[in-house]
Each structure stands twice: as C-alpha cells, then as structure tokens.
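In this note's numbering, the protein residues as written are 2 to 612.
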Amino acid sequence: AAASRVFAFRDVRWAPDPVLEPGAAVRTPQPVPLVIDNGSFQTRAGWACADPAVPAEPLLRFRSLAARNRGARGGTGAETQVGNDLGSPEPLRWLLRSPFDRNVPVQLELQELLLDHVFQRLGVSSQGCVDHPVVLTEAVCNPLYSRQMMSELLFECYQVPKVSYGVDSLYSFYHNRRQNWPCSGLVISSGYQCTHILPVLEGRLDAKNCKRINLGGCQAAVYLQRLLQLKYPGHFAAITLSRMEEILHEHSYVAEDYIEELRKWQSPEYYENNMHKMQLPFSNKLLGSTLTSEEKQERRQQQLRRLQELNARRREEKLQLDQERLDRLLYVQELLEDGQMDQFHKALVELNMDSAEELQSYINKLSLSVEQTKQKILQAEVSIEVDVVDSKPETPDLDPLVSEQSLEDVESINEFEPLFAEEQPEVEKPVAAVQPVFNLAEYHQLFLGTERIRAPEIVFQPSLIGEDQAGIAETMQYVLERYPKEQQAILVQNVFLTGGNTMYPGLKARVQKELLEMRPFQSSFQVHLASSPVLDAWYGARDWAVEYVTRDEGWITRNDYEEKGGEYLKEHCASNVYVPIRLPKQAPRATEALAPSRVLTSSTGNACEQA
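Next up, the structure:
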C-alpha cells in the first residue's frame, strides 16, 4: 500500500504546435469567426463554424508565455519562442515573459507575439491582414485603456473586419445554461491570477456588485513551493513551480471543514493512509563507491587523455609564441646585416636590449627552445604516456610576464599529478556485521501531508499567506447581502463554479457547506460545477459566435473603432458593461470669464467713438 502512494513527477515537455491547414469550410461562403480564449495561464484558439467538418474544439492550447533568447555573439540575433515551442519552462524561467499584469494584458508587444503564433499556426493565409472576425475574451471590468490598446492592435496591425469582447466566465456560464436563456445566477470564477464573484441577473452581468479576490492558482503554486522548500531545504532547486502545479492539479483537494481535516491529519494512521510521496529524479550511483574496476580504469584513461590534450595544446601555444618572437628578433638582425643602423638601434631600444651580442644570445636561446618544443610535440604524438611538465621552466623566459604565466601553467599541471598516480590495491576489511539495506530513493521523496489541503485553502482563507482580503465565502455573502431577499433566492438557485482553479476535488461540497451556513434555515440553493471548467469559456465563446455571426449585436466593426474610439464596447449577454469616460466640465476661471466682457466693452467704446 505504501508503494502504491509513491508518485513520480512526469515533468512533461511541451510538444511544439504544428502549422495547421484550415479546411475550405473555414473560408467559404465567408470567413468564419476565430475564437481566442486569451487567458493569463493558457491561450486557446480555434474556429467557430457550424460545419461538422470543422472541429468544435480549440485547435491550439499553449501557455501564455514568451521567451526571447539573446542569441549567440555573431549569430543571427535574438530568437523568440512562444508557448509550446519553449519545450519546458524551467530552464528558461528567468527569461519567461507574460503580457499580463494579473489578468489584464498590458504588454501589447508580447500580446502581439501570442497572436502572431495563433494566426500562423492556425494557417490564416490571407495576405497582409486577418480577414476573419475575432472573438476575444477579456478580464472582468477590463480597463478602457487595455481594451483600447487591444482594439488598436487588432484593427491597425491585423486589419480584422470586426471583433467581439466577452468575459471568459460568462461565456462558460452561457455554455452551461441549465434554464431557458436569459437566466440568473451567481458565477464564482477562479483562475490563475484572480477569483471573481459575478452576479448575473436576467442574462446580464451586474457589474456594480462584482467583487474580485487577488488570489488564484499562481499564488497557490508559489505558496506550496515555499512550504516544501522550507520542509526540504536539501531539495530546494528540485522543487520547481512546474512540479508544484503538477501537485496542485493531481494531488490536492479542498477540505469541506479545514479545521476538522487538520485534526484528522494529526492521527498517525490517517497520515499513513492519505500521505502521498512524490519521487524526485535521482541517480543510483554514488561517486567512488559503486564503480567497478573496469569503470575506474576507463575513468583513469579518460583523465589521462584529457591531460595529454591539455599538455599538447599548451606546447602548441608556447611554440607559436616563441616562433613569433624569434621571427621578430631575426627581422631586427636582418636590419643590422642590411646596414640600416638607425632602424636597428631603434628596434633594440624597443626590445630593451643594449647590443647586437645580446640580440644574438636571445636568438640562440629562442631557437633552442623552439626546437625542443617541436621535439616534444613529435614525441607526444607517438608516445602513449603523458609527458609531465617539470616544475622548472625549460628555458629562461625573456619576458617577466610570460615567465610568470609559464610558472602558473606548470603549477596548474602539477595539481593533476595525484589523479594519475598508481592506485594501491585496497585491502578488503572484514565485515563485522550485516550492513543495513540503504534505499537511496527515500532520500529523494517529498511527503505530502497537510500540504495537499493548505495550498488550495488560500482562496477561502487568504490570511494563510498574509493577504488582507476576504475569502470566497465572505465575499459571496457580501455580494448577496447587496440584493433584496427575493433576488438573493434567485441567485443562489444557480451558483456556478468555473475556472481552472475550481477543479480541486471537494470544492463544490465546500461551497455548499459555506452557503448552508450563511443562508436562512431550510432555504434552498443549488451549486453547479462547469462540465469542463478549463475549456468551457472557449466552448461558450464558440457557441455565441456561431449564433451571432450574422447579427450586429456584440460586434465592433472598423467603422465603430474609427468613430467611437478603441475603448468602445458593444454589449451582449457575455460581455462587460460599457462605461465610457465622461470628463467633468471645468468651470471657467474668473479672469477668463471677465475677458470677453472687457473685449466687448472696448469694442463698443471704439464703435461709439467712430460714430
């Protein structure tokens, strides 16, 4: 039973997205809408087409991340990788960039990279533009500036014919509607960065009473990472964010009663029966202990070859340097033989020499050094044994700097000598007792106990990570109390859970328990979980696009963009509420108010004088 609770990290590498070939139904009789769920965790894109030949699934799913490598020196420059092309995020964690601040896109140059990736991989073949209508998700109560920049990007850069903006959680609510539309309900959406409580009345978002909690799956993963790094400091580097997300998705759950669940974990039996062990990757071989004699011999031969190559490279460098200096001295000697005395004496001064005899002495020494080095290189090529360099230099160096460098080279070579000394045969010691079995795998395991419930609990108790915010239950009660009792009863009949951070087992039961505590005695309520909390936002956007593609409702055309500005929004059943900017009119200053009267008086006076 204990072995069955040992789970290995999958460490899945992302496969690059292929370039897809869209079918003819995507373009005929007219281009169909392109649906993009622009999430802060993952981007999902696909076509909205009623034709059964076109898949009713998102064809692209990738992390909303981009990394720009600086490129090798002298290479082709920086290389940008997007989404699944990254392979694995951990080696590039310090290079990863996201266009989002929380759940609002603010880095539009990175957003452009993501959209380029979507259009290129979906096979959009129109030249110079994207001639498909675009349905794009945006944040709840999205700032007008963010929408303006996004509209400018779509209309000016991609030349899209029309665009529609909607809220991802409302699209999910639209896709999972259990009654005749329009219907009312309370949407609880928990994503990667934020959690929202959204009241929907008669099919429209009541934006005045929306509330947001700045906690989501990202903060849960960071909290779990800190808990395990504090618990296992020896595996600090191996406890990565990607592995924490894997633990959250597959091994965490929400406690129906958090305090009572913690009391259960105090029991050793409960701990043993419910604890999960996560196996970190490790190597079975310990250096110097389990190597066989053949492996040791092979290792020694590799070290010998490396040192032999090192010696040969240093000799070649020394030979090249000595040859260049010898050629220079011979050139100066030729000046003496040709009778160019002025240039000869000038060269002697540059060489810091006094006479031709001293020059000849240096030439002889360098010639001897060059010949000896050449002989050693030839001997090294035919000799199997490594030539160990003496601790004394072979010839006195002419330059003090070169002499010091040579001594450093010799000392660094001598450091390797103990590695190649013949090993003495080890005397086997008698075994006094039976050695215990040593399981190395156990020293590379993470034991998950209360951590399985502590990380998801932060959306109900933000104080666990020091956040001064209300949790889901308190925020839900606060929103409900802003309505009359009749509307409260309508809202709680359809409490809808959606978003990737609502997929924990036990979350629905926890929300039901919290509602039972806050609602009047014997009152009724219903809690529903989205059929696919992660993908239902895209499915709902597709449903809306297929239904409204031929209507004007909800679509912003290029004329609307040019006439009413980039922040303009056409509302529909799954959109935000459009609140245009109304700048208050400033009252004219006293001096400005008096100025026209003065002008009028002066002009009247002049007219009278003329009369």
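Idealized CB from N, CA, C, for every residue including glycine.
Legend entry - First through last residue of the alpha helix (DSSP H) which encompasses residue 119: 109 to 122
Inset, instruction - Would you list, in sequence order, the uninterrupted beta strand (DSSP E) runs of no fewer than 3 residues that lie entirely inside the stretch 171 to 259? - result: 186 to 191, 196 to 202 and 212 to 214
Legend entry - residue 476: first and last residue of the uninterrupted alpha helix (DSSP H) it sits in: 473 to 481
Legend entry - the stretch 238 to 249 touching the stretch 204 to 224, judged by at least three CB pairs closer than 8 Å: yes
Legend entry - DSSP three-state assignment for residue 21, whether helix, strand or coil: coil
Inset, instruction - Given a cut-off of 9 Å, decide if residue 141 and residue 197 are closer than it, judged by their beta-carbon atoms. - result: yes
Inset, instruction - Please name the residue, chosen from 543, 370, 10 and 473, that lies closest to residue 33 on a Cα-to-Cα basis. - result: 543
Inset, instruction - Let me know if residue 551 comes out buried or exposed under the rule of 16 or more other beta-carbons within 10 Å of its beta-carbon. - result: exposed
Inset, instruction - Work out the CA separation of residue 297 and residue 20 for me, nearest whole Å. - result: 50 Å
Inset, instruction - Could you check if residue 385 is buried or exposed, using at least 16 other CB atoms within 10 Å of its CB as the buried criterion? - result: With a pLDDT of 45 at residue 385, under the threshold of 50, the modelled position of this residue cannot be trusted; read the value that follows with caution. Looking at its Cβ environment, which holds fewer than 16 other Cβ atoms inside 10 Å, residue 385 is exposed.
Inset, instruction - Would you check if the distance between the CB atom of residue 446 and the CB atom of residue 496 is smaller than 9 Å? - result: no
Inset, instruction - May I ask you to check if the CB of residue 107 is nearer than 8 Å to at least one heavy atom of the ligand ADP? - result: The model depicted lacks the ligand ADP and carries no ligand whatsoever.
Inset, instruction - Please decide whether residue 117 counts as near chain D, where near means a Cβ-Cβ distance under 9 Å. - result: Given the protein chain composition of this structure (a single chain), no chain D is represented.
Legend entry - Beta-carbon gap between residue 176 and residue 538 smaller than 9 Å: yes
Legend entry - residue 342, buried or exposed, once every other Cβ within 10 Å from all chains shown has been counted against 16: exposed
Legend entry - Residue nearest to residue 441 in terms of C-alpha spacing, selected from 285, 253, 146 and 84: 285
Legend entry - Where residue 454 falls: helix, strand or coil (DSSP): helix
Legend entry - Separation of residue 13 from residue 170, as counted between CA atoms: 28 Å
Inset, instruction - For residue 444, count neighbouring C-beta atoms within 10 Å of its own C-beta (all shown protein chains included) and say buried if the count is 16 or more, exposed if not. - result: exposed
Legend entry - Contact between the stretch 518 to 526 and the stretch 204 to 212 (3+ Cβ pairs under 8 Å): no
Legend entry - The beta strand (DSSP E) enclosing residue 166, as first and last residue numbers: 163 to 168
Legend entry - Three-state secondary structure assigned by DSSP to residue 82: strand
Inset, instruction - Give me the Cβ distance between residue 116 and residue 23, rounded to the nearest whole Å; I'm assuming they're in contact under 8 Å. - result: Incorrect: roughly 17 Å between the Cβ atoms, too far for contact.
Inset, instruction - Can you give me the Cβ contacts of residue 57 inside the same chain, cut-off strictly under 7 Å, excluding the 5 residues immediately before and after it? - result: 543
Legend entry - Straight-line gap, residue 127 to residue 508 (C-alpha atoms, nearest Å): 45 Å
Inset, instruction - Specify whether the stretch 82 to 97 and the stretch 63 to 72 touch according to this definition: at least 3 beta carbon pairs, one from each stretch, less than 8 Å apart. - result: yes
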